[in-house]
Structure formats: C-alpha cells, structure tokens
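Heads up: the sequence shown is residues 633 to 1016, going by the numbering used here. A quick write-up on the structure given underneath.
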Amino acid sequence: ESCEDVVSGHATSKYRSMCNALIYTFYAERVGVDIGCRYAEALRRLDELRPYKGPRDLDDWDEFVDQCYLVTHVVFTMNNWGELALEPELLPHEYAFIREHLFVAVRQRDVHLVGEYVECLRSFGATDADALVQLGIAFLLGTQNDASGRWDDAEDAYTTYHATMVAAQALLAHTFRGYGPGLASALPVLDAWLKTDPHLLAIRGGGGGGGGAAAGPPRSDDPTRDHDDQNNNDDGGGGDNVSPDDLVRARVRAKPDDPAPKLALKPAPPTPTNKKHPLPDASPAPKRHKLHSSPGDHAPAKLDLVAAEASLRRSAADADWPAVTALLAKLHSADIQVHDLSANGTTIGKTVAQLKKAQNPTVTSAAKALVAKWKRLVRANEAT
C-alpha cells in the first residue's frame, strides 16, 4: 500500500510518508511556521499504523525498513533528537518494537538502524549494562572501518555521513537535559493513547505482567532525575499504568510458536534506490519558497500563574489527569520569566514538582519536563 509523499509527490509507503510528516511538522512547530498541519495532528494519525508489524507480516522488505525508521523518528521527534530522556510508558509500542527487532538489524548488518535503535534505547533509560545495548555496541565497533574511522564508507557521501553520525551518537555516553516530549502539544495525544489504546487496555485487563509492576528499565542512574525521584520507580498500581515490557511479553505470547524470521544476511533491494534512511528523498529537491511569518503571530501568551496553580491543585485532587496535562502544556508554552515563579505569592514551582509523583505517566513526564525547563531558566538568569 502506497501513498503520495507530501513534498515530492512520488508514491511512497505509508510508513515513510508518516515519518516525513512527523519530521516536517516537528521542525515547523519548533520555529513557529504554520504549514497547515501541527505536529499533534500528524502524531494522532500514528494510531492507524499501530501495532507495528514484523518483517514477515509485510510483503515488501523496503516497507518494513520504512516502518523501522518511522519508529525511531517517533522517538527522535519526542526527545528533540536526543536532547531529552523519555519514559517508556509514553511510547510502549515503539519501545517494544525496538527491543524485539534490534537483532534483525544486526543480522542485516544495517549500521543505520542499529545506531538509531541503540540511541533510542538510551533515551528510554537503557545503560551500557543492557544486553541489547551491548549487542548494538559490539556490532558497531566491529563494523567500523579501522583505516578511516567511518562506517559504510564504500557508499555515497550522504550514506557514509548518516551511518557514521548515528553510530557515533549510539556509542557516546548520554546526558539528558530533562524529560520529553519536547513539544508540549503532544501531551494530550499521549494521554488519549494511554486511555484508549486497545492493545494496552487488553494487557491492563489481565493479560499483562500483573498490573502493578514497575514500568520500563530503572532510571536511577539518570543524572537529570532529582534525588527524591530515584526511589520512586513504583507506579503504585494505578489503573493507567502498564509496563512496556508487558507489551513485549504480550506480543511474544500472541505467537508462541512463531520462530525468528530467517533472513538473508544482506537482501538485494528491489531497486537501486537507497532505502537505508528516510531522508533525503531520491527525487530532486523541491524549489524553496519564502515563508512569511510575523514574530507576533506566534508569541507565547502570558498566563495567570496564581489561577493556574489553583486549577492544577483542583484537577490533581480530583485525579482529572487530562485537565492536569492540558494545564501543564499551557505552562510549558507560556511566557514565564524567573520573577513570575514567585510573584503574587504563587508556589507554582512546588506544585508542579509534586506532580512528578502523580499516578499518571503522562502527567509525571510533563511535570518533569516543565520543572527541568524552569530550572534551566533559573540557572541562565543566575549566570547573567
């Protein structure tokens, strides 16, 4: 099944088209340019492509590769391309897919996907002690060209650049500046998924890992986590919580006798087009058009922090997590200066910090991201 690419107009897979849509809308929103579609609108359509499929569930190998890049770029657009850490509970389908299919990329000797998978796992909290991270690192070190220090250097310049970039990033020790998602507009979509995803609801209803298990890999080594969070891995058994590892187990139980796919070590692509990475498109670059945007059109709005804090407290007391998520998103995008955080007797900083322990993973991640943002604001103010 193919569709028309939004830039080139050429036929492409639905996975590649979605991947490019997320990239375009992410960057447009970051710089405040209206391209007719917001990142959250594109992200909401991702539900139509889940759950992701294995290599034998798709007729075309290139379509499977496009799906793999969609998975990694969901993560990258959520974590600002490696700047922010992510809780696995926010993206359980992507977390499960990467853990299931990293070995496929290793068997295919695909430096590009192995590098991106390892970088995604690091964002989800995996350390060098993780067996899959170790597998990826060993593969990358073994495929590096000893003479040039590069990867895939027998290919064209962009392919060599991309392979070397993702491999080097995967090998680096990571320090994150806070928690994603980087775009606050994604929070309502994530919260809706948490409430309505039929696959997560099925696991939560009794097929998963017990309902009260701590979700995801331990994060106590994360330098961005506050000390009072390091012993707070227990989700408290809240109804909204489901471990991404439960999703992995559920997918394995769904096909208990299904052997690992027997793949050729390096399958020949059906066309000479390079399909290792979703960008750039093989077609000629479109003509650039000047985009006009007035800074005032996208200026962040001022917010009454006293009223916002009161609303946060009421919504949290009622466990109205969608309302809390929406308020945190407003705070994240509002024009707030350091002096605003203590003006008029508000204690908004403490109130948001308390929400890092809320019984809802979307709220906790949003609160952590907002606290990290405000801490950077304070540090920058102190440095001037």
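Even for Gly, the Cβ is constructed at its ideal location relative to N, Cα and C. Everything numeric in this text was worked out from a predicted model, so none of it was measured.
Quick one: Cα of residue 1007 to Cα of residue 1014, how far? Here the alpha carbons of residue 1014 and residue 1007 stand approximately 11 Å from one another.
Can residue 1001 and residue 810 be called in contact, C-beta distance under 7 Å? Less than 7 Å divides the Cβ of residue 1001 from the Cβ of residue 810.
Starting from residue 780 and walking both ways along the beta strand (DSSP E), at which residues does that stretch end? Counted as a single uninterrupted DSSP element, the stretch harbouring residue 780 is not any beta strand (DSSP E), since DSSP gives it neither H nor E.
Leaving out five residues before and five after residue 953 in sequence, what residues of the same chain have Cβ atoms less than 6 Å from its Cβ? 992, 995.
Residue of 759, 669, 683, 792 minimising C-alpha distance to residue 732: Per the Cα distances, 683.
Under 7 Å between C-beta atoms of residue 654 and residue 725: Their beta carbons are not under 7 Å apart, which means residue 654 does not touch residue 725 by this criterion.
Which listed residue (999, 738, 966) has its alpha carbon closest to that of residue 981: Among 999, 738, 966, the Cα nearest to that of residue 981 belongs to 999.
Would you kindly report the start and end of the unbroken alpha helix (DSSP H) that includes residue 951? Neither: residue 951 is in no alpha helix (DSSP H) and is coded neither H nor E.
Does the segment 685-692 come close enough to the segment 774-794 that 3 or more CB-CB pairs lie under 8 Å? Verdict: no, contact absent.
Looking only at DSSP bridge pairs, what is residue 717 linked to? Residue 717 pairs with 811.
Using three-state DSSP, classify residue 990 as helix, strand or coil. In the three-state scheme derived from DSSP, where H, G and I count as helix and E and B as strand, residue 990 is classed as coil.
According to DSSP, is residue 974 part of a helix, a strand, or is it coil? Residue state for residue 974 is assigned as coil, using DSSP reduced to three classes.
Are the beta-carbon atoms of residue 671 and residue 817 separated by less than 7 Å? By the CB criterion at 7 Å, residue 671 and residue 817 fall inside the cutoff.
Return the CA-CA distance between residue 740 and residue 700, expressed in angstroms with no decimal places. About 13 Å.
DSSP has residue 996 in a bridge; who is on the other side? Paired residues: none, contrary to the question.
Residue 650 to residue 674, Cα distance in whole Å? Spanning the two alpha carbons is a distance of roughly 8 Å.
Can you tell me the Cα-Cα spacing of residue 808 and residue 770, whole angstroms? Across the structure, residue 808 and residue 770 are spaced so that their CA atoms are roughly 23 Å apart.
Have a look at residue 642 and residue 764 and give me their C-alpha separation to the nearest angstrom. Roughly 36 Å separates the two Cα atoms.
Do you know whose CA, among 753, 745, 829, 812, lies nearest residue 791's CA? The shortest C-alpha separation from residue 791 is found at 745.
Work out the CA separation of residue 969 and residue 646 for me, nearest whole Å. Looking at the two C-alpha atoms, the distance is approximately 42 Å.
Report yes if the CB atom of residue 718 is closer than 7 Å to the CB atom of residue 812, and no otherwise. The Cβ atoms of residue 718 and residue 812 sit closer than 7 Å to each other.
Any chance you could list the alpha helix (DSSP H) runs of at least 4 consecutive residues sitting entirely within the segment 686-769, in chain order? As far as the segment 686-769 is concerned, its whole alpha helix (DSSP H) runs of at least 4 residues are 693-710, 724-739, 743-755.
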